[in-house]
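Heads up, the thing below is written out as structure tokens.
Number of protein chains: 2
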Amino acid sequence: MHAIAVKQGETRPELIDIERPEPDEGEVLVKTLRVGIDGTDFEVLSGSHDAFPEGSDYQILGHEAVGVVESPNGTALNEGDIVVPTVRRPANTPSRFFENNEPDMAPPGEYVERGISGAHGYMSEYFTTPASFLVSLPESLADVGFLVEPISNAEKALELAQRSRSTFEWQDSAGLVLGNGPLGLLTLAMLADQCERTYCLGRRERPDPTIDIIEELGATYINSQQTAVDEIPTVYEPMDLVFEATGHAKHAFSTIEALDANGVGVLLGIPDDWEFSVNGGALHRQLVLQNKALLGSVNSNIRHYQRARDTLAEYPDWFLPSIMTTQCPVSEFADAFEDTPDTIKSYVDFRV
Amino acid sequence: MHAIAVKQGETRPELIDIERPEPDEGEVLVKTLRVGIDGTDFEVLSGSHDAFPEGSDYQILGHEAVGVVESPNGTALNEGDIVVPTVRRPANTPSRFFENNEPDMAPPGEYVERGISGAHGYMSEYFTTPASFLVSLPESLADVGFLVEPISNAEKALELAQRSRSTFEWQDSAGLVLGNGPLGLLTLAMLADQCERTYCLGRRERPDPTIDIIEELGATYINSQQTAVDEIPTVYEPMDLVFEATGHAKHAFSTIEALDANGVGVLLGIPDDWEFSVNGGALHRQLVLQNKALLGSVNSNIRHYQRARDTLAEYPDWFLPSIMTTQCPVSEFADAFEDTPDTIKSYVDFRV
Chain A
1 MHAIAVKQGE TRPELIDIER PEPDEGEVLV KTLRVGIDGT DFEVLSGSHD AFPEGSDYQI
61 LGHEAVGVVE SPNGTALNEG DIVVPTVRRP ANTPSRFFEN NEPDMAPPGE YVERGISGAH
121 GYMSEYFTTP ASFLVSLPES LADVGFLVEP ISNAEKALEL AQRSRSTFEW QDSAGLVLGN
181 GPLGLLTLAM LADQCERTYC LGRRERPDPT IDIIEELGAT YINSQQTAVD EIPTVYEPMD
241 LVFEATGHAK HAFSTIEALD ANGVGVLLGI PDDWEFSVNG GALHRQLVLQ NKALLGSVNS
301 NIRHYQRARD TLAEYPDWFL PSIMTTQCPV SEFADAFEDT PDTIKSYVDF RV
Chain B
1 MHAIAVKQGE TRPELIDIER PEPDEGEVLV KTLRVGIDGT DFEVLSGSHD AFPEGSDYQI
61 LGHEAVGVVE SPNGTALNEG DIVVPTVRRP ANTPSRFFEN NEPDMAPPGE YVERGISGAH
121 GYMSEYFTTP ASFLVSLPES LADVGFLVEP ISNAEKALEL AQRSRSTFEW QDSAGLVLGN
181 GPLGLLTLAM LADQCERTYC LGRRERPDPT IDIIEELGAT YINSQQTAVD EIPTVYEPMD
241 LVFEATGHAK HAFSTIEALD ANGVGVLLGI PDDWEFSVNG GALHRQLVLQ NKALLGSVNS
301 NIRHYQRARD TLAEYPDWFL PSIMTTQCPV SEFADAFEDT PDTIKSYVDF RV
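Chains A and B, in that order, give the protein sequences. full-length UniProt numbering puts the last residue of the first sequence at 352; the count rises by one with no breaks. full-length UniProt numbering puts the last residue of the second sequence at 352; the count rises by one with no breaks.
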């Protein structure tokens, strides 16, 4: 079968031919429908994760997938079920987090990540996985189901934020998303029901399709070239909830200044080392005197995938087609890794 | 009656003579027993809060008090009840936080703080306050009740920390307190029941009475001149829970590095502006990839005072006498504001 992989020492994806996998006991054979591409895939290509599956000189890409059960193999699933696989799998070490269904909380060393580090991804015609790592979707979500994975990260972040504010009567009236990439837009659309007023920060100038989408969602676009994150409270309003989805390390700190009293910022980006100066005294003082919170959040577990499925079903009809800009059949997979001004979300379609 | 106050333009406390206050409807008249002194009192003396009670050219000091009800004035309290007053009172503005019994979450402008900013404190022979801002104590805690206020801050911080980690099965095996002042020691003693292993960081060399107390509590003393906060994971172990009680702004950031995966740091100190350099990329990345959390926490509400009362009752017998080093009668109040190498906690005793 065909698979899209990066070979050891290479930085570009290739189409390879490998044997179709056989499911072990408890595993399901899934026929792949669509696999999305995000920034992490480019990190894998650049070698920054640098942990190929054991004994393999290539890494199959892809961690945002949707497929259809080809062989339930004695599990509770049925042939034809639409399913989304989660990303993390246990490494060869005992982990209480996997035992508790909390792979997202496992520390480095206790997990591998399919398509990212230590395990093959889902960009192949078929894949196998234990049934316990699959979330079922209604048939109607088969086309968009590969977005469950990115949305699940926003769901986890929202859960963490809400729980951290559950000691008092928190009002999340104003919500801000830093970043207008696919994760930013999916998060913003999720927040539309949550917050009375929503904002999304990006670096692009008009005309730009993401700005149109932001405004169509009823949110206010903030151009970071005109308004720095720490100026947002005076130019717009202080925020109750901030999601950072830029990976820009200065945003982790200016998020504190963007927050209203009692606000919470959740960080999702993964920056490289970067030394810079901050007014650490002012940030520390603001955190304390205004009861602010800053939370890091990575990946997600099956509970967040399930919520993401529900969120996905509730997005307005026009929204998902507007961000799913770049569909590539397997034969033209390389195009899915190209960026153009109109690209929002690219995905490989294994059905065509 | 006598009161200990700072006059406008002065930076030293004085004994003044003022009229005994009359309780309004719903207010109680309390005879003061003891009032503790902490770092905030020195900030008030230095003028950094700079908001004297309206129409007053002096500010009565003191926010850590215990007293005995002199006149219940028709409230549910009884003459002779031992009581501790909370700190925050509503400013002349509507506040949903006071309506919700959450004065600790009120933003600046919605509150005054007795003895700190905008309202007189408790360092007088009598004070009045609405009964709803009083917590009752058993007679047996009358001598130590002024410590309920500082402990209540640790209780709130612990509640915030626990709630922020309640989305998964968190293990708070290792707890670290930054700071070996009275708040640090009271927090450490509270954590002794909470964490399997506790640590306390200070700047002092042996012999020092706080180090003896730390070790008597079963905790490990960490000398910050030998081990920086960010080195603690390698020299000792990574921490599940960190309480920052130093007000040293660099500690807010190195706390992130002291934490284990999924750990939480709560900041309690209130530093001045201080610009310095951080590896913001590494801190941001650690927060995200290891699900770390950083929470600011200020003051406390009646629920936390009630918990503090319970904690106070459960401390080992030797502990409180060992930190209550400096008792001063009103006539020698000035001594309570002096610092010596053996001073841990000073308080003014209004009974003697």
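We put the CB at the ideal spot given by N, CA and C, even for glycine. From a predicted model like this one, the values you see are computed outputs, not experimental measurements.
Around the beta carbon of B:V235, a 10 Å sphere encloses fewer than 16 other beta carbons of the protein chains shown; the residue is thus reported as exposed.
Of the other Cβ atoms in all chains shown, 16 or more fall within 10 Å of the Cβ of B:D240; this residue is therefore buried.
Listed by position along chain A, the residues whose Cβ is nearer than 7 Å to that of B:R285 are I270, P271. When the five nearest sequence neighbours on each side are left out, the beta carbons in the same chain lying within less than 8 Å of the beta carbon of A:A142 are those of L33, V66, V68, I82, in order along the chain. With 16 or more other Cβ atoms from the protein chains shown falling within 10 Å of its own Cβ, A:G263 counts as buried. Here A:D212 is exposed: its Cβ has fewer than 16 other Cβ atoms, across all protein chains shown, within 10 Å.
Within the segment 149-173 of chain B, E159, L160, R163, S164, S166, T167, F168, E169 place their CB atoms closer than 7 Å to a CB of chain A, listed in sequence order.
For a Cβ distance threshold of 7 Å, residue set E275, F276, S277 of chain A lies close to B:S277, ordered along the chain. Counting only Cβ-Cβ distances below 9 Å, B:E332 has no contacts in chain A at all, with the closest Cβ about 33 Å away. For B:R96, at least one C-beta of chain A is nearer than 9 Å to its own C-beta.
By a beta-carbon distance limit of 8 Å, B:A119 does not contact A:G280. Their separation comes to about 31 Å.
Annotation: A:R307 to B:G265 spans about 28 Å, alpha carbon to alpha carbon. Annotation for A:H251: the continuous alpha helix (DSSP H) segment containing it runs 249-258.
With distances taken between CA atoms, B:I256 lies nearest to A:G296 out of A:E99, A:I222, A:L178, A:G296. Contact annotation: in the segment 31-55 of chain A, no residue has its CB less than 7 Å from a CB in chain B.
Burial is judged here by how many other beta carbons sit within 10 angstroms of a residue's own beta carbon; B:F97 has at least 16 and is buried.
Rounded to whole angstroms, the separation of the alpha carbons of B:G36 and B:V148 is 10 Å. Only exposed fits B:G26, as fewer than 16 other CB atoms lie within 10 angstroms of its CB. When the Cα atoms are used, B:G179 and B:T246 turn out to be separated by approximately 5 Å.
Taking 9 Å as the cut-off, the Cβ atoms of A:A261 and A:N291 count as close. Excluding five sequence positions before and after B:G121, the CB atoms of its chain that fall closer than 6 Å to its own CB belong to I60, L61, G62, H63, R114, G115, given in chain order. Leaving aside the five residues that flank A:V6 on each side, the residues in its chain whose CB is nearer than 6 Å to its CB run, in chain order, P13, L45, Q59. With fewer than three CB-CB distances shorter than 8 Å, the segment 330-342 of chain B does not count as touching the segment 168-179 of chain B. C-alpha of B:R197 to C-alpha of B:S224: approximately 18 Å in a straight line.
Judged by beta-carbon spacing, A:A293 lies beyond the 9 Å limit of B:S300, meaning their Cβ atoms are not closer than that value. The DSSP-derived three-state label of B:D104 is helix.
In the same chain as A:E70, and ignoring 5 residues on each side of it, the C-beta atoms closer than 6 Å to its own belong to L29, K31, in chain order. Pairing B:A192 with B:L217 gives a Cβ-Cβ distance under 9 Å. Burial state of B:V352 is exposed, judged by a 10 Å Cβ sphere holding fewer than 16 other Cβ atoms. Assignment of beta-bridge partners to A:D230 by DSSP yields no partner. For the options B:P138, B:F243, B:R203, B:A219, the alpha carbon positioned closest to that of B:G184 is the one of B:F243. From the beta-carbon of B:S117, no residue of chain A is found nearer than 7 Å; the closest lies around 12 Å away.
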